[in-house]
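Position 122 (the sequence shown) corresponds to 122 in the UniProt record's numbering; numbering is contiguous.
Structure first, then comments.
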Amino acid sequence: KESLFEVQFLDLESQGTDDEWTPVNTSPNATQGSAIESNFAPGNYGGWADISASPWLYHLFKAERTTDGKLDPRLYWTIGTYESDWEDFEYGNVAYTSKLTATDNIVTNNTYGGLPIAKFTNLRTGLYSTVITGLHDGINLRLMRYSDVLLRAAECENEVNGPTQQAIDWINEVRNRADLPDLELADFPTADKLFEQIANVERPKEFGCEFGRGFDLIRWGFFYKNDRLQQLKEHSVVRRSVTGTKDPVDYNDIATDSELKSSFDTYLPGHEFLPIVQQLLNKNPNLSGNSANFSTDNSTYFSENGWTVHPVVDLSK
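This is how it looks when you write it as structure tokens:
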């Protein structure tokens, strides 16, 4: 079964009409949806245009074809781009009720550009032309999928026993659903290399834009090792422009290209966690705040507990 645990929401027009943003409001006619689509949807389609997918994730999808030479089907449901490969089937390049063409420039934000996120939205279903913003998104929030169980099992197997055929088989079970070619154990002589494949290929493509990446980065300790933090900076580069949003980007070009930005360039030690809000600290003298409140580095705590960070491995070698 694909979805093991999810939060259920009601579809638009089968729920109430009152957006209840805080638990103190108790309207009997409250909506039964989420605001995720409002956050993700492009401004041209009525969305708030708050969040975009990264060019790194987009090109990760494009780097590998299926066994019959097609694009990874997960790209279609993750990022709302036009692709010539999808011209031959119905709804292949749909964005809400619009049919995209090669000349359409679909971006998240009308000022800053960005690659639109399709996941958790109806961008690909053609149900309506304009998003009704607020707590109206009826798409269920999937908290645990079977593919997550498989990839976590492969990760654990690799941590304990090094690269094994069992770990490869679990990964391939996920890849086979997307019709991607099998990985071969012989191509992963070390646990570090197989971990790199899991962390920066398999999990991003399977769970892209599902809100779990930050938790992965914390448990892997990527904030506590210089080469990993540098990798995060490189993966988070975006072009703040309404043109060229699908073009490859390079962290090394930030110094000379004012349109390029990397969100991890502003990272401060300790801020991989959210701070405890000041209002709660004021009310409870037993609370002292966390690393984000004080901008304290958690790397020592991480290493003192015996946890290690896998080094960056070049998968092309």
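Heads up, the beta-carbon is just placed ideally off N, CA and C, and yes, glycines get one too.
Excluding five sequence positions before and after W77, the CB atoms of its chain that fall closer than 8 Å to its own CB belong to A118, K119, R124, given in chain order. L150 has its alpha-carbon roughly 32 Å from the corresponding atom of S291.
For the pair P23 and I106, the CB atoms are not nearer than the 8 Å cut-off.
Each residue's CA atom was taken as its position, placing P163 and R175 some 17 Å apart. By the beta-carbon neighbour count (other beta carbons within 10 angstroms, threshold 16), F294 is exposed.
With 16 or more other Cβ atoms from the protein chains shown falling within 10 Å of its own Cβ, T245 counts as buried. Assignment of I168 by DSSP, reduced to helix, strand and coil, places it in the helix class. Inclusion of D11 and T31 in the CB contact set at 8 Å is not warranted, their separation being larger than that value. When only Cα atoms are considered, E83 and G126 end up about 17 Å apart. For E157, the uninterrupted alpha helix (DSSP H) run begins and ends at 146 to 161, by DSSP. Inclusion of W220 and A191 in the CB contact set at 8 Å is not warranted, their separation being larger than that value. In the structure shown, D18 adopts extended strand secondary structure according to DSSP, grouped into three states.
Shown here, L274 sits in coil according to DSSP, grouped into three states, outside any helix or strand.
Nearest to V309 by alpha-carbon distance, out of G47, A178, Y251, D216, is D216.
Residue burial is scored here from C-beta neighbours: S147 has at least 16 other C-beta atoms within 10 angstroms and is therefore classed as buried.
DSSP places S3 in the uninterrupted beta strand (DSSP E) bounded by 3 to 7. A buried status is given to V237, since no fewer than 16 other beta-carbon atoms sit within 10 Å of its beta-carbon. Secondary-structure assignment with DSSP links R239 through a beta bridge to L260.
Partner residues in the beta bridge of N109, as assigned by DSSP, are G113. Setting aside the 5 residues that flank it on each side, N284 has no residue in the same chain whose C-beta is closer than 7 Å to its C-beta. Sequence-distant partners of T296 (beyond 5 residues in either direction) whose C-beta falls short of 8 Å from its own C-beta, in its chain, are P269, G270. Between the alpha carbons of G134 and E272 lies a gap of roughly 28 Å. Buried is the label assigned to C209, since at least 16 other Cβ atoms lie within 10 Å of its Cβ.
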